[in-house]
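So the structure is just underneath, and the comments pick up after that.
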Amino acid sequence: MPTPIQSSQPGPLSRSGAENTKPTATANREWRCTRCQKLLGVRQDTGMHLRFARAHEYFVGFPVVATCRGCGTLNQAASTAR
Ligand SMILES: [Zn+2]
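Counting from 2, one number per residue, gives the positions in the sequence shown under the numbering used here.
Following this line, the structure appears as C-alpha cells:
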C-alpha cells in the first residue's frame, strides 16, 4: 500500500492577497441616515436601491440625495463606497 505524501507541502501562493476578492458584506452596502442611522437604501454596483415603504422602491444613480423619513435629515451618498 503506497502512501503518497503530497498534501504536506504548503502552497506558496495560497494566501497572498486572497482577501481582495469580493466585499459582499451587507453592512458596507447599507446607506444609513447620518443622524438617526435609519436605513435609507442599499448600495448597488450601478446605483442606489432606495426603499421608502413596503411597496415603494426606487433605483437611482449617484450621487444620491434623500431626506430621511425618520428625522428629516438630508443625506447624500456618492458612488465611492469608501
Ligand atoms: Zn434620520
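All residues carry an ideal CB built from backbone N, CA and C; glycine is no exception.
With 16 as the cutoff for other CB atoms within 10 Å, does residue i come out buried or exposed?
i     : result
Gly62 : exposed
Ala67 : buried
Gly71 : exposed
Met2  : exposed
Val43 : exposed
Leu41 : buried
Is any heavy atom of ligand 1 found at a distance shorter than 6 Å from the C-beta of residue i?
i     : result
Thr47 : no
Thr74 : yes
Arg36 : yes
Gly62 : no
Gly71 : yes
I'd like to confirm the pairing. Which residues does DSSP put opposite residue i in its beta bridges?
i     : result
Thr47 : According to DSSP, Thr47 bridges with nothing at all.
Phe60 : His50
Gly73 : Partner(s): none; Gly73 has no beta bridge.
Assuming the contact rule is C-beta atoms closer than 8 Å, residue i and residue j should be a hit. Round their C-beta distance to whole Å, please.
i     : j     : result
Thr47 : Thr74 : Contact doesn't hold; Cβ gap of about 26 Å is too wide.
Ala78 : Val65 : 5 Å
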